[in-house]
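Structure first, then comments.
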Amino acid sequence: MLNTSALVTTLGPTIAYVNQRRLSESGFPIEPVYGPEGGERPGEYPFTRGVYPTMYTSRPWTMRQYAGFGTAAESNARYHQLLNAGTMGLSVAFDLPTQMGYDSDEAIAHGEVGKVGVAIDSIEDMRVLFRDIPLDKVSTSMTINAPGSVLLLLYQLVAEEQGVAGGALNGTIQNDILKEYIARGTYIFPPKPSLRLVADTFAYCRAEVPKWNTISISGYHMAEAGATPVQEIAFTLANGIEYVRAAVSAGLAVDDFAPRLSFFFVARTTLLEEIAKFRAARRIWARIMREDFGAKDPKSWMLRFHTQTAGVQLTAQQPEVNLVRVAVQGLGAVLGGTQSLHTNSFDEAIALPTEKAARLALRTQQVLAYETDLTATVDPFAGSYAIEAMTDTIEEQANDLIRRVFDHGSSVEAIEVGFQKREIESSAYRTALEVDSGERIVVGVNKFTLNVEEPYEPLRVDPTIEVAQRDRLAALRRDRDNDALARAMAELEKTAAGNGNVLYPMKEALRLSATVGEVCHTLRRVWGTYQPRETF
């Protein structure tokens, strides 16, 4: 018998290694990488087997929990709870007024303040949101699109007040406006100025916040709207092509910004197809960047992505069953090679997650990372006949759908005639028919139902927070230097009407306590607002 006592090291309470190899429960070493000599290895182009050579054998994925509700103070308390529970990165949910570029005291915001995320109106709210959280030590993802640059600048300003330079900040803004026109609807400006704002953010971050991921190109919301896995990656990568084109047209070299691009996908309960989907997406993107855009830096070829488990598959009926769904979905994301993961809480089909539900969602990831052998070897499904065949099929079908998008000229032109929206709505309709007919089984909904559901007490947001936010805004507007702010806002408007990078005057206005709504209204005056076609 091999005496391994001198070779064993321990990582955490339950993970043992022999010369970087994990020991199985039976005591034999698990190889970090399996596969034939001369075959594709993890971390090598086209990255079918993962973007990094060691993947989770060296460290687990980043465990994020998407959270935000009510006031900045309430969300700050939840972030501290999650950090104390072992989460590795924060993920901020904003309320609808913030996502749409409105302040909490505007008439259009009435009834929505703090409901689906945290209300952020100004630098004062951002200070409270990250109070006592060291921004040079934590990675923060912000799910914000049309006003993504505004929230990024507020975050940077708060970091500077903490003494943290832009070069020390790590995180992501979603900043993916194209999918808003397709599937979600929280757009502000028309596509052309929106793409300019994205390109300005790329250039600003390269100079000022170089480790920040400037965009998270999202298929998640398309999947939630009904997109199939093939549609999800095809339309997402087509949007990615559009962003790269916009940045190159603005004068940026592809290798100067492409390494900071990231993606955001869903993980459904259809485990095998999801694993194959992630593998196919990496392969397609690598070839697009190297062959179509001529990128030379291998980091520009890598499709790095965050995954969230499928909210659309959660049910209000028998909500505890969602714990099982989320575990399966999280397993698919990990086996597919995600870089970070959010696991939904089991009660999200009913209301905002309670503290206990959010903790259980995080514990699901921790069980996957520390109680299973998922982190023992890179890409355990490589060589699977089923996975390899499904990967090839998804790649072929997704490439065909990308070509159909660009038959319209560009992703934007396809959006303008409703191509992606029609395709997704057709898929959503088919799924609804299958559920209604019982052809597609949903446990607890159309099979294995209960006659009487057990009562569940959801988390409720205090409706009086809207009044508190109005009072805070009134005090802010009274106490700030409004003359200096007027000059800064005039400079922002002038830059928006010209060709300069709008983030620099925007940052100065926000430093002087301009509100999110005031900044967005200034840009609305120059760029207009997007009006979707009623019919296609």
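Residue numbers (the working numbering): 1482 to 2017.
Built from N, CA and C at the ideal position, the CB exists for glycine as well.
Through-space distance from residue j to residue i, alpha-carbon basis
i: threonine 1491; j: aspartate 1960; result: A caution first: threonine 1491 carries a pLDDT of 31, below 50, which makes its placement in the model too unreliable to give a value.
i: threonine 1824; j: alanine 1646; result: 31 angstroms
i: arginine 1941; j: arginine 1806; result: 24 angstroms
i: leucine 1849; j: aspartate 1964; result: 55 angstroms
i: glutamate 1689; j: phenylalanine 1683; result: 10 angstroms
i: glutamine 1794; j: glycine 1813; result: 14 angstroms
i: cysteine 2001; j: glutamate 1869; result: 47 angstroms
i: arginine 1726; j: alanine 1588; result: 38 angstroms
i: valine 1594; j: arginine 1559; result: 18 angstroms
i: glutamate 1605; j: glutamine 1950; result: 11 angstroms
i: arginine 1768; j: valine 1948; result: 52 angstroms
i: glutamine 1847; j: proline 1534; result: 22 angstroms
i: glutamine 2012; j: threonine 1624; result: 23 angstroms
i: alanine 1967; j: glycine 1979; result: 18 angstroms
i: lysine 1758; j: aspartate 1681; result: 31 angstroms
i: arginine 1764; j: glutamate 1876; result: 8 angstroms
i: isoleucine 1883; j: alanine 1627; result: 24 angstroms
i: threonine 1579; j: serine 1585; result: 8 angstroms
i: glutamate 2033; j: valine 1735; result: Nothing can be reported for residue 2033, as the shown portion of the chain is limited to 1482 through 2017.
i: arginine 1502; j: proline 1510; result: 6 angstroms
i: glutamate 1999; j: glycine 1592; result: 20 angstroms
i: alanine 1574; j: glycine 1508; result: 44 angstroms
i: alanine 1955; j: serine 1603; result: 12 angstroms
i: aspartate 1576; j: proline 1513; result: 43 angstroms
i: serine 1730; j: glycine 1818; result: 32 angstroms
i: isoleucine 1946; j: arginine 1612; result: 19 angstroms
i: valine 1532; j: aspartate 1873; result: 18 angstroms
i: valine 1924; j: leucine 1752; result: 16 angstroms
i: phenylalanine 1774; j: glycine 1890; result: 17 angstroms
i: aspartate 1962; j: threonine 2010; result: 29 angstroms
8 angstroms Cβ shell around residue i - same chain, five flanking residues per side excluded
i: proline 1939; result: Asp1828, Ile1831, Ala1832, Leu1833, Thr1835
i: tyrosine 1910; result: Gly1707
i: leucine 1634; result: Leu1984, Met1987, Lys1988, Leu1991
i: glutamine 1637; result: Gly1647, Leu1650, Glu1689, Val1690, Lys1988
i: threonine 1538; result: Gln1501, Arg1503, Pro1513, Thr1856, Ala1857, Thr1858, Val1859
i: aspartate 1778; result: Asp1736, Ala1739, Pro1740
Neighbourhood of residue i by C-beta, 6 angstroms cutoff - its chain only, sequence neighbours within 5 removed
i: serine 1821; result: Trp1542, Thr1543, Arg1545, His1787
i: isoleucine 1496; result: Note on isoleucine 1496: pLDDT 44, under 50, position unreliable in the model; the coordinate value appears next. Cβ within range, chain order: n/a, list empty.
i: methionine 1970; result: Ala1990, Thr2003
i: threonine 1919; result: The sequence given here has glycine at residue 1919, not threonine. Answer for glycine 1919: Asn1927, listed in chain order.
i: asparagine 1651; result: Ser1620, Lys1692
i: arginine 1480; result: Outside the modelled stretch of the chain, which goes from 1482 to 2017, sits residue 1480, for which no answer is possible.
i: asparagine 1803; result: Leu1795, Phe1827
i: alanine 1748; result: Glu1755, Thr1788, Thr1790, Gln1810, Gly1813, Ala1814
i: glutamate 1713; result: Gly1700, Met1703, Ala1704
i: proline 1672; result: Val1893
Within 8 angstroms, strictly: CB atoms of residue i and residue j
i: serine 1622; j: threonine 1653; result: yes
i: leucine 1718; j: phenylalanine 1528; result: no
i: glutamine 1798; j: valine 1926; result: yes
i: proline 1691; j: glycine 1648; result: yes
i: serine 1892; j: glutamate 1661; result: no
i: alanine 1867; j: tyrosine 1515; result: no
i: valine 1711; j: alanine 1879; result: yes
i: asparagine 1656; j: isoleucine 1696; result: yes
i: threonine 1552; j: leucine 1843; result: no
i: alanine 1664; j: arginine 1840; result: no
i: phenylalanine 1745; j: glycine 1700; result: yes
i: aspartate 1854; j: serine 1505; result: yes
Any chain C beta carbon closer than 8 angstroms to residue i
i: asparagine 1656; result: The structure shown contains no chain C; it holds only a single protein chain.
Sequence-distant residues of the same chain with beta carbon closer than 7 angstroms to residue i, five excluded per side
i: serine 1556; result: Ala1548, Gly1549, Phe1550, Val1599, Leu1610
i: threonine 1976; result: Val1983, Pro1986
Spatially closest choice to residue i from the options, by CA coordinates
i: aspartate 1943; options: Arg1522, Ala1554, Val1747, Thr1579; result: Ala1554
i: glycine 1570; options: Asp1606, Thr1790, Leu1635, Asp1617; result: Asp1617
i: aspartate 1860; options: Pro1628, Leu1504, Glu1525, Phe1716; result: Glu1525
i: valine 1809; options: Glu1801, Thr1796, Thr1790; result: Thr1790
i: alanine 1715; options: Ala1995, Val1532, Ser1505, Ala1895; result: Ala1895
i: leucine 1733; options: Thr1874, Phe1746, Arg1687; result: Arg1687
i: leucine 1563; options: Arg1503, Ser1826, Arg1665, Asp1586; result: Ser1826
i: leucine 1816; options: Ile1756, Val1631, Asp1613; result: Ile1756
i: threonine 1845; options: Gly1811, Ser1865, Lys1777, Glu1642; result: Gly1811
i: arginine 1958; options: Ser1572, Ser1994, Pro1936; result: Ser1994
i: valine 1631; options: Ala1664, Met1581, Val1729, Gln1901; result: Met1581
i: asparagine 1720; options: Glu1641, Ala1857, Met1703; result: Met1703
i: valine 2007; options: Arg1540, Pro1523, Leu1678, Val1916; result: Leu1678
(message) In chain order, what are the residue ranges of uninterrupted alpha helix (DSSP H) at least 4 long that sit wholly in the segment 1880 to 1928?
(response) Those alpha helix (DSSP H) runs which fall completely within the segment 1880 to 1928 and span 4+ residues are 1892 to 1897, 1900 to 1918.
(request) Write down every uninterrupted run of the alpha helix (DSSP H) in the segment 1725 to 1793 whose length is 4 residues or greater and which is fully enclosed by it, in chain order. (result) 1735 to 1738, 1752 to 1768, 1779 to 1782
(message) At 3 residues or longer, what runs of the beta strand (DSSP E) sit wholly inside the segment 1558 to 1634?
(response) 1570 to 1574, 1620 to 1624
(message) In chain order, what are the residue ranges of uninterrupted alpha helix (DSSP H) at least 4 long that sit wholly in the segment 1933 to 1971?
(response) 1946 to 1960
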